[in-house]
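Participant: Supplied in structure tokens, the structure appears directly below.
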Amino acid sequence: MRHAILKKRAEMVDVIIDHYKRARGLRNFPKRIVADVVGLMFPHSNFEGRGFFKEVHSVRSRARKLVLKLSHAKSTRRDWRVYQRLPAGIRNRYFAKIYWHTKYCSLQKYGKKVSVPKLEVEKLRMCVRKYGLRDIRADNVRKVEGRFKIVDANPS
Ligand SMILES: Nc1ncnc2c1ncn2[C@@H]1O[C@H](COP(=O)(O)OP(=O)(O)O)[C@@H](O)[C@H]1O
Ligand SMILES: [Mg+2]
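Residues 0 to 155 (numbering that gives the first Met the number 0) make up the sequence shown, in order.
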């Protein structure tokens, strides 16, 4: 498996979050502590952004920059399924590669924040719509290894 050391640490993030939830008797995902737990397990991480569901931190694996995306278990599973909806042969052409996920974390290729031309968003939207991927907008597109790619989508 790629980035196995990062996965071990992500699994520890899961354990800490579950422990905290149990100790506090929480039902919901404890968003407030996520940044601290990631900072603890990934000392060189940086906050990259957040959307409605996820909190995103960049992490390093040797020379490569990656992102660790955290959200509640159902959303993490759903993101993995959405990515898997694209056929294996074209998946990584349109979607920033997701290496693996744990209960609360997924690891994805880092994408640069650049302004995304409307036409590029439209092209990506057209390419993935037949696979049932929705919500392709500039916010969910970044530049990965020189190409515009989707970093987040919804299932239809
Ligand atoms: N692969 C990535 N590389 C760099 N930043 C990212 C990446 N994916 C997401 N982000 C940043 O994190 C934000 C939220 O991530 P996103 O996957 O869209 O989560 P949500 O489901 O909450 O919308 C994005 O708007 C973007 O700023
Ligand atoms: Mg998003």
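We treat Cβ as the ideally placed atom computed from N, Cα and C, and that holds for glycine. Fair warning: this is a prediction, and the values are worked out from it, not measured in the lab.
#1: Report the three-state DSSP secondary structure of V37 (helix, strand or coil).
#2: Excluding sequence positions up to five away, which residues of its chain have a Cβ less than 8 angstroms from the Cβ of R84?
#3: With DSSP as the reference, label E144 as helix, strand or coil.
#4: For V58 versus L5, is the C-beta distance shorter than 8 angstroms?
#5: With burial defined as no fewer than 16 other Cβ atoms inside 10 Å of the residue's Cβ, what is the status of M40: buried or exposed?
#6: Tell me the DSSP secondary structure of K108 in three-state form.
#7: Can you check whether the CB of V127 is closer than 8 angstroms to the CB of R135?
Facilitator: If we stick to the structure as given:
#1: helix
#2: Y130, G131, L132, P154
#3: coil
#4: yes
#5: buried
#6: strand
#7: Note on residue identity: the sequence assigns Ile, not Arg, to residue 135. It is a contact, given that the beta carbons lie within the stated cut-off.
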